[in-house]
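Data block below; observations after.
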Amino acid sequence: MRAEIATAMKALQLPPEDLVPVRSTRYSAVLSRILEIFTIYGVQGRDCLWLWEGFKGEHYAVYLDKPDGYRWLPRLLPPDERVWLLTEDWARRKRDGHYWVFEGRIGTIEAVLGELFAFEYYIVDKKFEWLLCENHHNVLIGIGSRIIERLQAAEGTPIAGRDSGA
């Protein structure tokens with residue numbers, strides 16, 4: 039997934055510093071904290087395929103017609119907000135865990151996700167106060183009051199560039 043993201047960023051001519059893989063020295067701490075706060079699995083979730091099946095705490099889900107949850111990001115978060123991005127390692131190239139962890143800007147993440155084939159991803163607040171996930175069932179799931187409130191508010195707002203017809 040790292041290579042696919044790097045290729046998408048080059049194609050979009052995005053600055054590499056806007057979405058960077060977390061260094062191996064920080065990877066374990068960031069991933070473990072996310073797993074402990076947002077899942078019932080804790081650190082054992084490193085190798086779980088679908089973290090969303092074990093979310094804990096209050097959450098809110100929006101059911102999408104197609105895998106385009108990334109198009110909701112401009113309605114939910116400022117483009118310059120820096121967050122953690124977890125992407126699944128569907129190519130099974132990682133030796134430690136099932137997820138790649140990146141740090142980047144929401145606007146960059148939105149652009150990159152639009153270039154990639156549908157896959158599960160998790161966007162997490164840098165303070166670990168909320169998490170947003172899009173799973174392979176085209177469900178956008180939010181955990182944490184800030185993202186839940188924004189999902190609820192955005193649910194009735196049309197997505198820019200999307201057909202509003204039947």
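In short: position in the sequence shown from 1, add 38, done, that's my numbering. Heads up, the beta-carbon is just placed ideally off N, CA and C, and yes, glycines get one too. These figures come from a predicted structure and were not determined experimentally.
Residue i versus the options, residue with shortest Cα-Cα distance
i           : options           : result
residue 62  : 118, 149, 137     : 137
residue 179 : 119, 94, 146, 145 : 94
residue 69  : 82, 118, 92       : 82
residue 191 : 161, 98, 53       : 98
residue 114 : 148, 175, 90      : 148
residue 74  : 60, 150, 92, 64   : 92
residue 110 : 121, 90, 171, 52  : 171
residue 103 : 181, 187, 173     : 173
residue 158 : 150, 88, 57, 168  : 88
Residue i - DSSP class collapsed to helix/strand/coil
i           : result
residue 188 : helix
residue 92  : helix
residue 85  : helix
residue 43  : helix
residue 120 : strand
residue 57  : strand
residue 157 : coil
residue 79  : coil
residue 138 : strand
residue 172 : strand
residue 115 : coil
residue 102 : coil
residue 178 : strand
residue 126 : strand
Chain-order list of residues whose beta-carbon lies under 7 Å from that of residue i (same chain, five-residue window excluded)
i           : result
residue 116 : 144
residue 71  : 166
residue 164 : 120, 121, 122
residue 42  : 154
Distance between beta carbons of residue j and residue i, contact taken as under 8 Å
i           : j           : result
residue 140 : residue 123 : 4 Å
Spatial neighbours of residue i in its chain, beta-carbon cut-off 6 Å, leaving aside the 5 residues before and after
i           : result
residue 119 : 144
residue 186 : 98, 180
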